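Trainee: Counting from 36, one number per residue, gives the positions in the sequence shown under the numbering used here.
By construction, the Cβ of each residue, glycine as well, lies at the ideal position given by its N, Cα and C atoms.
None of these values were measured; they are calculated from a predicted model.
What follows is a structure written as structure tokens; I'll ask about it next.
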Amino acid sequence: MTQLDPRADWDARISLRTAGEGGRPTLAPPAGLTAAEGAGQVTLRWHTVPGAIGYLVHAADSPEGPFRPIDHGGGDVLAVPGPPYADTTGEQGRPRWYAVASLAAAEGDAGPVAEDDPGPLSIPTSATPGSSPAAPLVARVDAASSAGRLQRLWHMLGSERLSQILSTDRTGGVEIGPDFAAALRLARAELGADRVRAHAILHDDLGVYREDDGEPRYDFAQVERTYDAVLATGLRPVVELSFMPRDLARDPQASVFEYRGLISPPRDWERWGELVRKLAAHLVARYGIDEVRRWGFEVWNEANLEVFWAGSREEYFQLYDVAVRAVKSVDERLLVGGPATAAAGWVREFLDFVAAEDSPLDFFSTHTYGNFPLDVREALGERGLDRVEIWWTEWGVTPRHFAGVTDLAFGAPFVLHGMKRTQGRAEALAYWVVSDHFEELGRPHRLFHGGFGLLTVGSLRKPRYWALALAEELGDELVELALAGDGAGSLVDGWASRHEDGTVDVLLWNGTLDHSKVDGGPLLDRRVELSVEGLDRGHYRASLARVDARHSNIAAHWGEKPWPAEDEWGALRAADRLHEEPVDAHVSGGVFQLELELPLPGVARLRLTPG
């Protein structure tokens with residue numbers, strides 16, 4: 036059988052949905068749609084609708100239409116979880132009409148709802164993106180207040196297959212295994228990461244399963260080596276049960292990626308369950324139940340895409356049910372979940388199956404890219420699954436391999452917008468992925484190649500990494516931050532926190548979903564008049580950290596050569612620093628004031644330290 040080149044195969048099949056039955060319910064459109072005009076942008080707000088997982092924003096040149104969904108160019112799902120929504124795709128000075136549809140699901144059987152009839156639209160409203168510079172935006176912090184606790188959703192991260200940690204091969208002159216381990220340790224130390232979710236623990240390169248004369252044989256020695264090395268970095272694995280071992284696959288020719296992960300259903304369901312049971316039992320025996328109960332077992336990856344699953348939707352549900360019952364047979368305390376779908380697919384269908392079959396479910400997992408995660412809480416609650424956790428086990432600025440945006444500052448405010456918009460709506464939002472050591476469609480061919488990683492090969496920090504590092508440095512206790520002005524809460528958002536020693540951090544960011552603005556736009560930059568009230572009357576030291584195109588951007592320190600020579604790595608590592616500088620800290624009457632420029636895309640962190 037002739038196989039396609041892995042990249043050609045990926046491009047040909049990535050948009051194809053796995054077959055299944057069922058439609059998509061229609062919801063009433065939202066009421067109260069308003070459009071606030073601003074410099075280079077329009078901010079939309081509306082009333083939320085019960086049962087909506089998200090909303091699809093449409094635009095037209097007239098109130099009669101035709102209205103088309105706004106495509107901000109991020110790929111994957113176009114719907115947003117709710118208001119506010121900043122549209123930066125319009126033409127400055129040209130009126131635009133907007134309408135919004137409510138969605139009960141992210142996709143129908145034919146694919147994402149952007150390609151289907153989304154249902155009824157709201158009453159249209161119009162606005163014109165302005166062509167004059169914005170007035171200063173006002174940010175006020177009450178350091179003596181309390182605004183709840185920060186939820187550190189980024190503590191789970193994604194990774195390509197963890198067996199890379201055993202590799203002695205080199206990429207760009209860097210040995211893969213030690214550098215990959217260094218990336219995991221760095222994420223643990225600076226991002227607070229505690230779990231890592233990855234593909235292919237059942238791949239044949241780890242030799243977990245074979246059949247001799249028709250009899251199953253199990254060998255978990257390489258799994259042990261992999262997990263021992265991962266645990267030594269301080270991270271725990273989320274065990275994604277994939278891909279299918281060749282001797283168990285119904286169709287051993289059906290595969291994905293350059294390393295040929297087999298995407299076939301099992302040819303023997305009983306043996307699939309026994310493989311999963313023996314793996315879980317072995318892990319508990321080696322590491323102890325108190326350790327493994329904190330990991331999580333996730334069944335497969337993105338089975339709603341044909342490129343990842345050669346069976347039907349119903350066969351995936353069977354795969355899930357057999358697997359999770361096998362895990363629970365080892366110990367009920369082990370966490371199980373799925374369906375790990377692409378583009379927030381199969382939410383209703385999977386939850387209906389779980390509820391009808393009383394199939395174990397401790398965490399509901401799904402994925403999205405180029406957008407903020409949708410809101411699946413209500414779908415769980417409607418089925419009596421309120422206690423089930425929500426893990427977004429893949430999320431990122433783009434789903435596209437080798438996309439230049441991943442090396443740019445555009446992703447820095449994106450990750451902070453997403454982490455804030457998901458507060459209270461999930462227990463984990465795992466950025467995909469931690470390192471550019473990534474093999475799906477081939478290993479990196481140059482240092483800055485548009486890799487998914489927060490860290491380059493060589494573990495240099497990209498702007499997205501710095502944004503999460505600044506979030507991690509916030510105190511657990513949030514204080515009130517009020518934003519007012521052009522783009523407040525939509526383009527520009529932030530957090531303010533107080534530490535136990537009295538240090539106050541104010542983290543602000545300016546960003547859009549619109550990929551046509553990856554390099555920004557002068558009308559989207561903002562000047563912020565910041566005041567911090569409620570401070571003690573003592574002395575403070577102040578510093579301002581920045582992440583943007585000119586600051587904390589390692590790509591700006593490298594040219595066109597594919598890889599650094601040995602003597603050039605030292606200069607890059609010296610440049611791999613957060614840009615932070617002192618500012619005058621004059622506190623009068625318990626109030627500190629500062630004016631700062633906040634470009635788009637851009638992130639700034641003010642830190643006030645007593646003493």
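May I have the straight-line CA-CA distance separating Glu392 from Arg383, to the nearest angstrom?
Mentor: Here the question's residue 392 lines up with position 357 in the sequence shown. Here the question's residue 383 lines up with position 348 in the sequence shown. Approximately 14 Å, taken between the alpha carbons.
Trainee: In or out: His480 buried (at least 16 other Cβ within 10 Å) or exposed?
Mentor: The sequence position of residue 480 within the sequence shown is 445, counting from 1. His480 is exposed by the Cβ-count criterion.
Trainee: Could you give the first and the last residue of the continuous beta strand (DSSP E) run that contains Met191?
Mentor: As a working note, residue 191 is residue 156 in the sequence shown. Per DSSP, Met191 belongs to the beta strand (DSSP E) from 191 to 194.
Trainee: Inspect the beta-carbon positions of Ser470 and Gly459 and report whether they are closer than 8 Å.
Mentor: The count along the sequence shown starts at 1 and reaches residue 470 at position 435. The count along the sequence shown starts at 1 and reaches residue 459 at position 424. No, Cβ-Cβ distance for Ser470 and Gly459 is not below 8 Å.
Trainee: For the structure I just gave you, are there three or more beta carbon pairs, one from the segment 229 to 245 and one from the segment 261 to 281, closer than 8 Å?
Mentor: They touch, by the three-pair rule.
Trainee: Based on the DSSP output, what are the partners of Thr401 in its beta bridges?
Mentor: Within the sequence shown, residue 401 is the residue found at index 366, counting from 1. Thr401 pairs with Thr376, Trp427.
Trainee: Take Ala414 and list the residues in its own chain whose beta-carbon comes closer than 7 Å to its own, dropping the five residues that flank it on each side.
Mentor: Counting from 1 along the sequence shown, the entry for residue 414 is found at position 379. The answer, listed in chain order, is Ile88, Val382, Arg383, Leu386.
Trainee: Leu188: which of Glu305, Ala235, His574, Trp427 sits nearest, CA to CA?
Mentor: The residue given as residue 188 occupies position 153 in the sequence shown. Among Glu305, Ala235, His574, Trp427, the Cα nearest to that of Leu188 belongs to Trp427.
Trainee: What did DSSP end up calling Leu93 once you bin it into helix, strand or coil?
Mentor: By one-based count along the sequence shown, residue 93 stands at place 58. A quick correction: the sequence has His, not Leu, at residue 93. Looking at His93 - three-state DSSP - the assignment turns out to be strand.
Trainee: So which of Ile158, Leu513, Phe483 has the shortest CA-CA distance to Gly595?
Mentor: Locating residue 595 in the sequence shown gives position 560, where the first residue counts as 1. Note that residue 595 is Glu in the sequence shown here, rather than Gly. Selected option, being the one with the closest Cα: Phe483.
Trainee: For Ala438, which residues in the same chain have their Cβ closer than 7 Å to its Cβ, ignoring the five residues on either side in sequence?
Mentor: Translated into the one-based positions of the sequence shown, residue 438 becomes position 403. Result list for Ala438: Gly485, in chain order.
Trainee: Would the beta-carbon of Gly556 fall within 8 Å of that of Leu635?
Mentor: Here residue 556 refers to the residue found at position 521 of the sequence shown. Here residue 635 refers to the residue found at position 600 of the sequence shown. In this structure, Leu635 lies closer than 8 Å to Gly556 by Cβ.
Trainee: So, with DSSP's three-state summary, where would you put Ser299?
Mentor: By 1-based counting over the sequence shown, the position of residue 299 is 264. Here Ser299 sits in coil by DSSP.
Trainee: Counting pairs of Cβ atoms below 8 Å between the segment 165 to 174 and the segment 98 to 117, do you hit three or more?
Mentor: No, because fewer than three Cβ pairs between the segment 165 to 174 and the segment 98 to 117 fall closer than 8 Å, the two stretches do not touch.
Trainee: Between Arg329 and Arg271, is the Cβ-Cβ spacing less than 8 Å?
Mentor: Translated into positions along the sequence shown, residue 329 becomes position 294. Translated into positions along the sequence shown, residue 271 becomes position 236. In this structure, Arg271 lies closer than 8 Å to Arg329 by Cβ.
Trainee: Is the segment 560 to 573 close to the segment 119 to 131, with three or more CB pairs under 8 Å?
Mentor: Too few Cβ pairs lie closer than 8 Å, so no.
Trainee: The alpha helix (DSSP H) that contains Arg220, what's its start and end?
Mentor: To locate residue 220, count along the sequence shown from 1; it is residue 185. From DSSP, the alpha helix (DSSP H) with Arg220 extends over 211 to 226.
Trainee: Need the endpoints of the alpha helix (DSSP H) that Phe388 sits in, please.
Mentor: To locate residue 388, count along the sequence shown from 1; it is residue 353. Where Phe388 is concerned, the enclosing alpha helix (DSSP H) stretches over 382 to 392.
Trainee: Provide the residue span of the beta strand (DSSP E) that contains Pro516, from first to last.
Mentor: Counting from one through the sequence shown, the residue named residue 516 turns up at place 481. In the sequence as displayed, the identity of residue 516 is Leu instead of Pro. 515 to 519 is the span of the beta strand (DSSP E), which, as asked, contains Leu516.
Trainee: Any idea what DSSP makes of Trp330, helix, strand or coil?
Mentor: The residue labelled residue 330 in the question sits at position 295 within the sequence shown. Correct three-state label for Trp330: coil.
Trainee: If you run the structure through DSSP and keep just helix, strand and coil, what is Ser525?
Mentor: Taking the first residue of the sequence shown as position 1, residue 525 is located at position 490. The answer is coil: DSSP assigns Ser525 none of H, G, I, E or B.
Trainee: Checking the sheet assignment: what are the DSSP bridge partners for Thr61?
Mentor: In the sequence shown, counting from the first residue as 1, residue 61 sits at position 26. Leu138.
Trainee: Specify whether the segment 608 to 625 and the segment 535 to 542 touch according to this definition: at least 3 beta carbon pairs, one from each stretch, less than 8 Å apart.
Mentor: Result no; under three Cβ-Cβ pairs closer than 8 Å.
Trainee: Could you give the distance in angstroms between the alpha-carbon of Val411 and the alpha-carbon of Pro448?
Mentor: Numbered from its first residue, the sequence shown carries residue 411 at position 376. Numbered from its first residue, the sequence shown carries residue 448 at position 413. Between Val411 and Pro448, the C-alpha separation is close to 23 Å.
Trainee: Give me the Cα-Cα distance between Glu72 and Gly405, rounded to the nearest whole angstrom.
Mentor: Taking the first residue of the sequence shown as position 1, residue 72 is located at position 37. Taking the first residue of the sequence shown as position 1, residue 405 is located at position 370. Near 24 Å, if we compare the C-alpha coordinates of Gly405 and Glu72.
Trainee: Where DSSP assigns a beta bridge to Thr644, which residues make up the other side?
Mentor: As a position in the sequence shown, residue 644 is number 609, starting the count at 1. The partner list for Thr644 (beta bridge, DSSP) reads Arg576.
Trainee: Considering only their Cβ atoms, is the gap separating Ala580 from Glu35 smaller than 8 Å?
Mentor: Given that the chain is displayed from residue 36 to residue 646, the structure contains no residue 35 and the question cannot be resolved.
Trainee: When the distance is taken between beta carbons, is Phe399 closer than 8 Å to Val371?
Mentor: The residue you call residue 371 lines up with position 336 of the sequence shown. The residue you call residue 399 lines up with position 364 of the sequence shown. Going by C-beta atoms, Val371 is not nearer than 8 Å to Phe399.
Trainee: Would you mind sorting Pro597 into buried or exposed? The rule is 16 or more other CB atoms within 10 Å of its CB.
Mentor: Numbered from 1 along the sequence shown, position 562 holds the residue referred to as residue 597. Pro597 comes out exposed.
Trainee: Does DSSP put Pro448 in a helix, a strand or coil?
Mentor: Translated into the one-based positions of the sequence shown, residue 448 becomes position 413. If DSSP states are grouped into helix, strand and coil, Pro448 belongs with the helices.
Trainee: Per DSSP, what kind of secondary structure is Pro119 in: helix, strand or coil?
Mentor: By 1-based counting over the sequence shown, the position of residue 119 is 84. Correct three-state label for Pro119: coil.
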